[in-house]
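S.K.: Quick one: the structure is below, and I'll ask about it shortly.
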Amino acid sequence: MSALSLVIRPEHPDDAPAIGRLHARAFGPGRFARTAYRLREGVPHADALSVTASVGSFLVGSVRMSPVQAEGPAFLALGPLAVDPSFSGRGVGSGLMRAALEAARAAGEGLVVLVGDAPFYARFGFTPVPPGRLSLPGPVDPARFLRLELAAGFSERVSGIVTAARAR
Numbered sequence: 001m002s003a004l005s006l007v008i009r010p011e012h013p014d015d016a017p018a019i020g021r022l023h024a025r026a027f028g029p030g031r032f033a034r035t036a037y038r039l040r041e042g043v044p045h046a047d048a049l050s051v052t053a054s055v056g057s058f059l060v061g062s063v064r065m066s067p068v069q070a071e072g073p074a075f076l077a078l079g080p081l082a083v084d085p086s087f088s089g090r091g092v093g094s095g096l097m098r099a100a101l102e103a104a105r106a107a108g109e110g111l112v113v114l115v116g117d118a119p120f121y122a123r124f125g126f127t128p129v130p131p132g133r134l135s136l137p138g139p140v141d142p143a144r145f146l147r148l149e150l151a152a153g154f155s156e157r158v159s160g161i162v163t164a165a166r167a168r
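Be aware that the sequence shown starts at 1, since it is given in the working numbering, and climbs by one per residue.
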């Protein structure tokens with residue numbers, strides 16, 4: 001298999017239609033019922049921290065960051081991370097994760113949470129959210145509710161139910 005000519009860059013507002021089609025291909029119609037999707041519903045993601053991957057003119061991956069809050073300072077929810085099924089297993093998701101986390105660190109963010117596969121996200125430093133610290137407003141397997149602290153001690157400053165942050 002040949003190497004991909006992958007271009008990873010910040011998301012542009014005009015990427016939205018292609019990202020919507022990518023989400024439909026990657027997740028299908030069931031995505032609308034997931035707790036993580038519902039958390040982000042109706043609240044804009046952070047364009048400056050969201051990243052896309054393209055091969056030529058074809059958008060093959062996207063990861064978005066959205067501002068969230070609980071008790072304490074606001075932080076970020078990562079997701080969805082989507083890779084076109086025909087490009088799965090070729091490093092697109094890992095490249096997107098590295099770029100998005102680098103953007104969050106550069107922006108001075110303190111914490112990123114997500115709902116996802118612990119073995120995949122552990123390679124980027126994510127660990128399960130300790131029981132009783134944070135919770136989501138819908139059902140989630142606790143083993144899939146993960147966090148990555150970008151600023152030392154930030155996790156100790158937040159607790160409670162995670163909701164969308166309406167203004168930052």
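Where is the CB? At the ideal position from N, CA and C, for every residue including glycine.
#1: Can you tell me which of the three DSSP states PRO130 falls into?
#2: Nearest by alpha-carbon distance to HIS12: which of ARG40, LEU134 and SER54 is it?
#3: Among residues of its own chain, excluding the 5 on either side of LEU78, which ones have a beta-carbon nearer than 6 Å to its beta-carbon?
#4: Grab me the residues of GLU156's own chain with a C-beta within less than 7 Å of its C-beta, minus the 5 sequence neighbours each way, in chain order.
#5: On the criterion of 16 or more Cβ atoms from any shown chain inside 10 Å, does PRO67 qualify as buried, or is it exposed?
#6: Would a C-beta distance cut-off of 7 Å place VAL158 and ALA99 closer than the cut-off?
#7: Among GLY160, LEU134 and VAL92, whose alpha-carbon lies nearest the alpha-carbon of PHE120?
M.R.: The short version:
#1: Here the question's residue 130 lines up with position 130 in the sequence shown. Residue state, collapsed to three classes: coil.
#2: The residue labelled residue 12 in the question sits at position 12 within the sequence shown. Taking only the C-alpha atoms, the option nearest HIS12 is SER54.
#3: Counting from 1 along the sequence shown, the entry for residue 78 is found at position 78. Excluding sequence neighbours, LEU78 sits near MET65, VAL112 and LEU114.
#4: Mapped onto the sequence shown, residue 156 falls at position 156. Same-chain partners within the cutoff: there are none.
#5: Along the sequence shown, one-based indexing puts residue 67 at 67. When all chains shown are included, PRO67 counts as buried.
#6: Here residue 158 is taken as the residue at index 158 of the sequence shown, counted from 1. Here residue 99 is taken as the residue at index 99 of the sequence shown, counted from 1. Against a cut-off of 7 Å, the Cβ pair of ALA99 and VAL158 comes out as no contact.
#7: Here residue 120 corresponds to residue number 120 of the sequence shown, with the count starting at 1. Looking at the Cα atoms, VAL92 is the closest of the given residues.
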